[in-house]
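Visitor: Mind having a look at this structure? Questions to follow.
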Amino acid sequence: MTGGSGTESAAGEVLFPERARYHAAVAECRSSGFEMCTDLCAVDYLTHPGRRLPSEVAPERFEVVVQLLSIAQRARRKVRVQVPESDPTLASLWDLYPGVEAMEREAFDMFGIRFAGHPDLTRILMPEDWEGHPLRKDYGVGRVPVQFKDAPGPR
Numbered sequence: 818m819t820g821g822s823g824t825e826s827a828a829g830e831v832l833f834p835e836r837a838r839y840h841a842a843v844a845e846c847r848s849s850g851f852e853m854c855t856d857l858c859a860v861d862y863l864t865h866p867g868r869r870l871p872s873e874v875a876p877e878r879f880e881v882v883v884q885l886l887s888i889a890q891r892a893r894r895k896v897r898v899q900v901p902e903s904d905p906t907l908a909s910l911w912d913l914y915p916g917v918e919a920m921e922r923e924a925f926d927m928f929g930i931r932f933a934g935h936p937d938l939t940r941i942l943m944p945e946d947w948e949g950h951p952l953r954k955d956y957g958v959g960r961v962p963v964q965f966k967d968a969p970g971p972r
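818 is the number of the first residue of the sequence shown in our numbering; add one for each residue after it.
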């Protein structure tokens, strides 16, 4: 088992490394043949704290989920790491899997999770002057008028 507690599922092994071991755990996966990162996303468990975790894993508000693939081994591995609300920072995987660059930017933009070592951690979906992170469960629900470029006016 690599980088912390883990479980088996129908979709492959699931690892739960501590935040401090996250990058090292994923690096071990990479060196053991998981050559592709197919997805990286974040989850806000603010209103759903009762998710299933191994008993030794302390739940935090945020979780980053990484999906890895080994084509040669015909295997999948999922890495789930807990990220605290008080310090939503995690090491970037960009040096291991350059393709995560946009996925980490999206997690930053939508959830406010910062990825240390990322080459360009700027907003990717929202305008640079947007305040807040829209996919956080505590983000205010409101109506934002949609503006279309060169849209015809009322008739």
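Even glycine gets a Cβ: it sits at the ideal position worked out from N, Cα and C.
Could you pull the start and end residues of the beta strand (DSSP E) that PHE932 belongs to?
Guide: 931–933
Visitor: Taking GLU852 as the reference, which of GLN890, HIS840, PRO834 and ARG878 has the closest Cα?
Guide: GLN890
Visitor: Name the DSSP bridge partner or partners of MET853?
Guide: Residue pairing by DSSP puts MET853 in a beta bridge opposite LEU886.
Visitor: Measure the C-alpha to C-alpha separation of ILE930 and LEU857 and round it to an integer number of angstroms.
Guide: 12 Å
Visitor: Using the beta-carbon count (16 or more within 10 Å), is VAL958 buried or exposed?
Guide: The residue in question, VAL958, is exposed, as its Cβ has fewer than 16 Cβ neighbours within 10 Å.
Visitor: In the DSSP assignment, the alpha helix (DSSP H) including ARG847 goes from what residue to what residue?
Guide: 839–848
Visitor: Apart from the five residues just before and just after VAL900, which ones in its own chain have a Cβ nearer than 8 Å to its Cβ?
Guide: ARG836, ALA859, GLU877, ARG878, PHE879, GLU880, VAL881, THR906, LEU907 and ILE930
Visitor: Within its chain, find whatever has a CB closer than 7 Å to the CB of GLY850; leave out the 5 residues flanking it on each side and keep chain order.
Guide: Taken in chain order, the residues that qualify are SER887, ALA889 and GLN890.
Visitor: Going straight from the alpha carbon of TRP947 to that of ILE941, what length do you get?
Guide: 11 Å
Visitor: Taking the beta strand (DSSP E) that GLU830 belongs to, which residues open and close that run?
Guide: 829–833
Visitor: What is the DSSP secondary structure of VAL813, reduced to helix, strand or coil?
Guide: Absent from the model: residue 813. The displayed extent of the chain is 818 to 972, so no value can be given.
Visitor: For a test of the three-state rule: what should DSSP assign to ARG836, helix, strand or coil?
Guide: ARG836: helix per DSSP, three-state reduction.
Visitor: If distances are taken between C-alpha atoms only, which option among TYR862, CYS854 and PRO951 comes closest to ALA919?
Guide: Out of TYR862, CYS854 and PRO951, CYS854 has the C-alpha closest to the C-alpha of ALA919.
Visitor: Could you name the residues of the same chain whose beta carbon sits closer than 7 Å to that of TYR839, not counting the 5 residues immediately before and after it, in chain order?
Guide: VAL898, LEU907 and ALA908
Visitor: Can you say whether PRO936 is buried or exposed, counting buried as having 16 or more other CB atoms within 10 angstroms of its CB?
Guide: exposed
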